[in-house]
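Participant: The structure is given below, and queries will be raised subsequently.
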Amino acid sequence: MDLHALEKELLTHPLETPEDLRAFRKTFLEKGGKLEAYFAHLRNLPPETRKDIGKKLNTLRDLAQERIAQAQTVLEGNANQTQEATIDPSFPQWVFEPGGRHPLSLVEGKVIQIFQRLGYSLADGPEVEDDWHNFGALNFEPDHPARDMQDTFFVRPEEGILLRTHTSTVQIRVMERNKPPIRILAPGRVYRHETISARAHVYFHQIEGLCVDKDISAAELKATLEYFIHSFFGETVQIRWRASYFPFTEMSAEVDISCLLCQGAGCSVCKHSGWVEVLGCGIVDPNVLAACGIDPEKYTGFAFGLGVERLTQLLYNIPDLRFFGQNDLKFLNAFRGYGYTF
Ligand code: PHE
């Protein structure tokens, strides 16, 4: 038993690479290694020397374990360093592509810009509404079909809590809290119980307008909306006024423009008529003013509701409503870099 030779061997065994470490463990520490053989040999020694040699062997085993632990630490450090060293500073840098606005936001911004020039400010209201703001105050009859579950999403039907079906709710909220003169624009999401298709969706966006003051007439309504349409679509677009009905306006009208997708030739968006409806409007019904605490003898007003999806489809030639909600990057990327100024 040459313990000196063993010690020397232990101290000189190379420990630079993972292979060296494996060989070291195999040679000295593992089952069948030299240390095991030496310990086994203890049995054959006379008891006087056995204790001494045993102690020395323990020390050598500790030494072996210490060496390998140290070598391990050094190796791991080297591994980290090599990883750092593989970063190639000449590699082209990441390109962070700027995000883009959703086309509906672009159009909303454009509409707001136009009406701001006419002195309109912004108003807002909740999407979860009550029967009063969505229907009651807007002069809907108690048995109006829109109040049916078939047309409206109810959150709590017993209490009349629903998802607003139009932004006209904001007319009520603004008039309840403000005295005329009022000139507001209220953009927002609305919900209807529809089957989703190219032409209909369960949610879409409207921009409500409300103007209440002394001596507001239908002439001002017409001039305002024609100014808007020409600013938005250009001077050449044709405008068609149609008599209509809404419970909360008396006189009521709808406005169509010549279809920009097919230039009047007929397509699926204009249902082959050459015209597309872009808004509903009218003179605010005196009952609605009164329901909000505004004296209908003193004040008159007009209101309108624009369909944002419709405006966007016409402005950007989008044939199917479903594109707006799918978050398909192939679609959205087409609008990257567009700003609010057109
Ligand atoms: N709220 C009506 C709708 O959703 C649009 C409208 C708004 C009509 C304001 C007249 C006045 O269809």
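In terms of our numbering, the sequence shown has 272 at position 275, counting the first letter as 1, and numbering is strictly consecutive. Heads up, the beta-carbon is just placed ideally off N, CA and C, and yes, glycines get one too. Treat the numbers as computed from the prediction; the structure is a model and nothing was measured.
Which class does residue 322 belong to by DSSP, given the choice of helix, strand or coil?
Facilitator: In the structure shown, residue 322 sits in a helix (DSSP, three-state: H, G or I).
Participant: Just list the residues that DSSP pairs residue 160 with in beta bridges.
Facilitator: DSSP, once it has assigned bridges, lists 125 as partnering residue 160.
Participant: Less than 8 Å between the C-beta atoms of residue 280 and residue 299, yes or no?
Facilitator: Cβ atoms of residue 280 and residue 299: closer than 8 Å.
Participant: Look at the Cβ atom of residue 134, then the Cβ atom of residue 289, and state whether they are nearer than 8 Å.
Facilitator: Their beta carbons are under 8 Å apart, which means residue 134 touches residue 289 by this criterion.
Participant: Could you check whether the Cβ of residue 15 sits closer than 8 Å to any Cβ belonging to chain B?
Facilitator: Protein chains in the displayed structure number just one, and chain B is not present.
Participant: In the DSSP assignment, find the unbroken alpha helix (DSSP H) run with residue 341 in it and report its ends.
Facilitator: Lying outside -2 to 339, the shown extent of the chain, residue 341 is not represented and no answer is given.
Participant: Using the Cα positions of residue 169 and residue 218, report the straight-line distance between them to the nearest angstrom.
Facilitator: If I take the Cα positions, the gap works out to 19 Å.
Participant: Tell me, to the nearest whole angstrom, how far the beta carbon of residue 272 is from that of residue 255; I am working on the premise that it is less than 8 Å.
Facilitator: So it is a contact: roughly 6 Å between Cβ atoms.
Participant: Roughly how many angstroms lie between the CA atoms of residue 118 and residue 305, to the nearest whole one?
Facilitator: In a straight line, the C-alpha of residue 118 is about 18 Å away from that of residue 305.
Participant: To the nearest angstrom, report how far apart residue 359 and residue 87 are at their CA atoms.
Facilitator: Residue coverage of the chain in this structure runs from -2 to 339, which leaves residue 359 outside it and unanswerable.
Participant: If you draw a straight line from the alpha carbon of residue 303 to that of residue 94, how long is it in whole angstroms?
Facilitator: For residue 303 and residue 94, the distance between alpha carbons rounds to 33 Å.
Participant: Cβ of residue 203 versus every heavy atom of the ligand PHE: is any distance shorter than 7 Å?
Facilitator: Yes, the Cβ of residue 203 comes within 7 Å of a heavy atom of the ligand PHE.
Participant: Is it right to say residue 197 is buried, meaning 16 or more other beta carbons lie within 10 angstroms of its own, or is it exposed?
Facilitator: Result: exposed.
Participant: Could you check how far apart the C-beta atoms of residue 245 and residue 292 are, in whole angstroms? I think they sit under 8 Å.
Facilitator: Their Cβ separation, rounded to whole angstroms, is 17 Å, which puts residue 245 and residue 292 out of contact at 8 Å.
Participant: For a test of your reading of the model: does the CB of residue 190 fall under 7 Å from any non-hydrogen atom of the ligand PHE? Yes or no.
Facilitator: No, Cβ of residue 190 sits at least 7 Å from all heavy atoms of the ligand PHE.
Participant: Start and end of the beta strand (DSSP E) containing residue 309?
Facilitator: Careful: residue 309 lies outside any beta strand (DSSP E), inside the alpha helix (DSSP H) at 305 to 313.
Participant: Out of 220, 53, 229, which one is the CA nearest neighbour of residue 107?
Facilitator: If we check each option's Cα against that of residue 107, 229 comes out closest.
Participant: Residue 40 to residue 71, Cα distance in whole Å?
Facilitator: Each residue's alpha carbon lies about 37 Å from the other.
Participant: If contacts are defined as beta-carbon pairs under 8 Å, then residue 149 and residue 162 qualify, I think. What distance do you get, rounded to the angstrom?
Facilitator: Yes, residue 149 and residue 162 are in contact; Cβ-Cβ is about 5 Å, under 8 Å.
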